[in-house]
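Residue numbers (my numbering), protein chains in the order written: chain A, 1113 to 1591; chain B, 7 to 140.
Laid out in structure tokens, this is it:
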């Protein structure tokens, strides 16, 4: 592994040589009161410019990304980020704006945001849109606050959020943050929502069912209209976790199968960068009767121009400063416009076709417990390998790194043992998918001992995950 | 006590019921070896305060491994009388001795009727085998 800057440091090395001081020098004690003077200079590393540049460039070569490797990380949708969108998002007319400029001078951006609202409404089949939330889970929380405001307004006391047990962990977390109590709904052996369990739990306390469709096993809930009807009959609302929208773009719409609210993950659906923790965006779309509660402001059309509408008395208020993370929204807008409505459907078709092709190749090597078919991703199980050869999902994932592939998601969803969750995305070629299947086949034939110690070719092999979680070392300190 | 003498939940907690000197039924609750093996390397356990009321089937704490965070579910209705508070700094005793030093909490049972809902050793074994087959 590369040495740290502090370890490379040599006293006296410097990247720049400062000119001699051209004003009379005065002692620091003369200039500052005693309390403001540190005991000594900060222990900064001392390096020549060349060493510094090599350090960072060498570190950057350790990056693994979809631009360098096949990256089939299920659930996360490591979608290729078209480079033209990066260029468009940095056009001076978009990049150099300031949110405190008068509205009249922001008309281009406001039009872009207004049209984004319209497009997201059309794709969702839900007319009210807020672009404010700064990430998918933030969108979930915002939508749940909208739900709470709606029922408060109706005078109904509903405080339970129903969540299928295969859901993303953000669902119960968002519900708890928004002040709800959560109740898990079981899955059937086939991996769908258990309708009997849902019937037993949907009642006058139910505020909302949060459902992911296609679900986290990569399957379309074939009873979705029945599910949404049951929740509506109990007086509750249905929230669609839009994590898997990339599988149904232009094929079906959440509003059409009974969802009342949803969020989008632009990075999973519309090719904006993942951003490594930010900035992100998690726009939400809601049904007509929930629209009054959306965060203010919303961009509205006003004569020939656009303006921000703050006059929304029932709004839950702001959830993010200014207009949300517009840089991400611009990339999303460009992606949608580039593909158009026909193209978006082809994106979904491609994602589903690629996943099914890989499923068909892999199911004979690593069993896929739920189903012969999938949507955009599928979950294989290494349970049999674990029992028979003591080779775990983790061992396969680690070994894949030696072959130049990023590992799939492992051990999620929790309802599948030794889960390997694989999502190829639509931009991979048949050759890449064939190569990946070939490598999985080869790995399952390798000696367990070799796999237990994998990866063998990375700078770090197996970090001590327990110690990393319990006693993380977050700062370098001198030895 | 041995695993064969215990009762079990479907969510992999074990229960040992004793009568205290005052005649109250006290349930000692832990996590089964099967569950601990499935969780793999343990990182953290979050246990409740003494005195908290718990209900059968509801979470009373959390356990985290390098794989996932899982809820711990109460097998019975009642009030927590004791917590194995040393456990959070000694997770090895949980993985090494799940039916002894690795116990989690003790509950003063308020409704003994709930005990009949629990699984015996044979029924629990059967469930684990089914889980393994899936």
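We put the beta carbon where it would ideally sit given N, CA and C, even for glycine.
**Message:** My assumption, with CB atoms under 8 Å, is that residue 1421 (chain A) sits in contact with residue 1399 (chain A). Please give the rounded CB distance.
**Reply:** In this structure residue 1421 (chain A) does not touch residue 1399 (chain A) by the C-beta definition: roughly 19 Å separates them, more than the 8 Å allowed.
**Asked** Which one of B:81, B:110, B:137 and B:8 has the shortest CA to CA distance from residue 121 (chain B)?
**Response** When only C-alpha atoms are compared, the closest one is B:81.
**Asked** Where does residue 18 (chain B) land, buried or exposed, given buried means 16+ other C-beta within 10 angstroms?
**Response** Around the beta-carbon of residue 18 (chain B), 16 or more other beta-carbon atoms lie within 10 Å, marking it buried.
**Where the region 1522–1537 of chain A meets chain B: residues whose CB sits under 7 Å from a CB there** = Residues 1523, 1526 and 1529.
**Request:** Would you mind telling me which residues of chain B sit closer than 8 Å to residue 1289 (chain A), beta carbon to beta carbon, in chain order?
**Result:** Here the premise fails: no neighbours, minimum Cβ distance about 16 Å.
**Request:** Look up residue 1322 (chain A) in the DSSP assignment and give the residues it is bridged to.
**Result:** A:1351, per the DSSP bridge assignment.
**Request:** Name the residue from B:84, B:135, B:115 and B:39 whose alpha carbon lies nearest to the alpha carbon of residue 104 (chain B).
**Result:** Relative to residue 104 (chain B), the option among B:84, B:135, B:115 and B:39 whose CA is nearest is B:39.
**Message:** Using a 10 Å radius around the Cβ and a threshold of 16 neighbouring Cβ atoms, would you call residue 1072 (chain A) buried or exposed?
**Reply:** The displayed coordinates of chain A run from 1113 to 1591. Any statement about residue 1072 (chain A) would go beyond what the structure contains.
**Request:** Return the CA-CA distance between residue 67 (chain B) and residue 1223 (chain A), expressed in angstroms with no decimal places.
**Result:** Rounded to the nearest angstrom, the two C-alpha atoms are 49 Å apart.
**Asked** How would you list, in chain order, the residues of chain B whose beta-carbon sits under 7 Å from the beta-carbon of residue 1577 (chain A)?
**Response** Under a criterion of Cβ atoms nearer than 7 Å, the residues of chain B adjacent to residue 1577 (chain A) are, in order, 47 and 72.
**Message:** Under 9 Å, CB to CB, which of the residues in the region 1304–1332 of chain A have a partner in chain B?
**Reply:** Those residues of the region 1304–1332 of chain A that come within reach of chain B (Cβ to Cβ, closer than 9 Å) do not exist; the list is empty.
**Message:** Does any residue of chain A have a CB that is nearer than 8 Å to the CB of residue 50 (chain B)?
**Reply:** True, the Cβ-Cβ gap to chain A drops below 8 Å.
**Item:** Sequence ranges, beta strand (DSSP E) only - wholly within the region 1255–1283 of chain A, length at least 3
**Value:** Whole beta strand (DSSP E) segments, 3+ residues: 1272–1276.
**Asked** Do the CB positions of residue 1511 (chain A) and residue 1567 (chain A) come within less than 8 Å of each other?
**Response** Contact flag set, yes.
**Asked** residue 1582 (chain A) touches chain B at which residues, Cβ-Cβ below 8 Å?
**Response** Going along chain B in sequence order, the residues near residue 1582 (chain A) (Cβ under 8 Å) are 49 and 50.
**Prompt:** Which class does residue 1166 (chain A) belong to by DSSP, given the choice of helix, strand or coil?
**Reply:** Here residue 1166 (chain A) sits in helix by DSSP.
**Request:** Just the C-alpha distance for residue 1593 (chain A) and residue 1190 (chain A), rounded to the nearest angstrom, thanks.
**Result:** In the structure as shown, chain A begins at 1113 and stops at 1591. Residue 1593 (chain A) is therefore absent and cannot be evaluated.
**Request:** Quick one: give me the first and last residue of the beta strand (DSSP E) that residue 48 (chain B) is part of.
**Result:** From DSSP, the beta strand (DSSP E) with residue 48 (chain B) extends over 48–52.
**Asked** Expressed to the nearest angstrom, what Euclidean distance is found between the alpha-carbon atoms of residue 1462 (chain A) and residue 1291 (chain A)?
**Response** Distance between the alpha carbons of residue 1462 (chain A) and residue 1291 (chain A): 39 Å.
**Prompt:** According to the neighbour-count rule (16 or more other Cβ atoms, all chains shown, within 10 Å of its Cβ), is residue 1212 (chain A) buried or exposed?
**Reply:** The residue in question, residue 1212 (chain A), is exposed, as its Cβ has fewer than 16 Cβ neighbours within 10 Å.
**Message:** Tell me which residues share the same chain as residue 1295 (chain A) and place their Cβ nearer than 8 Å to its Cβ, disregarding the 5 neighbours each side in the sequence.
**Reply:** Correct list, in chain order: 1272, 1273, 1274, 1275 and 1313.
**Message:** Restricting to Cα atoms, I'd like to know which of A:1253, A:1465, A:1490 and A:1408 is closest to residue 1186 (chain A).
**Reply:** Taking the Cα of residue 1186 (chain A) as reference, the smallest distance to any Cα among A:1253, A:1465, A:1490 and A:1408 is reached at A:1490.
**Request:** Return helix, strand or coil for residue 1226 (chain A), following the three-state DSSP convention.
**Result:** Annotated three-state conformation of residue 1226 (chain A) is helix, per DSSP.
**Request:** Would you check if the distance between the CB atom of residue 1531 (chain A) and the CB atom of residue 1549 (chain A) is smaller than 8 Å?
**Result:** Cβ atoms of residue 1531 (chain A) and residue 1549 (chain A): not closer than 8 Å.
**Neighbour-count burial assignment, residue 1170 (chain A), 16 or more Cβ in a 10 Å radius** = Exposed is the call here.
**Message:** Could you compute how far the alpha carbon of residue 1397 (chain A) sits from the alpha carbon of residue 1261 (chain A)?
**Reply:** Rounded to the nearest angstrom, the gap between the Cα atoms of residue 1397 (chain A) and residue 1261 (chain A) is 16 Å.
**Message:** Less than 8 Å between the C-beta atoms of residue 1482 (chain A) and residue 1303 (chain A), yes or no?
**Reply:** Yes, the pair counts as a contact, with Cβ atoms nearer than the cut-off.
**Prompt:** Using 8 Å as the Cβ pair cut-off and three pairs as the minimum, do the region 1491–1500 of chain A and the region 1432–1452 of chain A touch?
**Reply:** Contact between the region 1491–1500 of chain A and the region 1432–1452 of chain A is absent, because fewer than three Cβ pairs lie under 8 Å.
**Item:** Spatial distance of residue 112 (chain B) from residue 42 (chain B) (CA atoms)
**Value:** The C-alpha of residue 112 (chain B) lies about 19 Å from the C-alpha of residue 42 (chain B).
**Message:** What does the Cβ neighbour count give for residue 1321 (chain A), buried or exposed, with the cut at 16 atoms within 10 Å?
**Reply:** The residue is buried, with at least 16 neighbouring Cβ atoms inside 10 Å.
**Message:** By the three-class DSSP mapping on this structure, what secondary structure does residue 1563 (chain A) have?
**Reply:** It is helical.
**Message:** Relative to the C-alpha of residue 1558 (chain A), which candidate in A:1381, A:1508, A:1581 and A:1163 has its C-alpha closest?
**Reply:** Comparing alpha carbon positions, the residue from A:1381, A:1508, A:1581 and A:1163 closest to residue 1558 (chain A) is A:1508.
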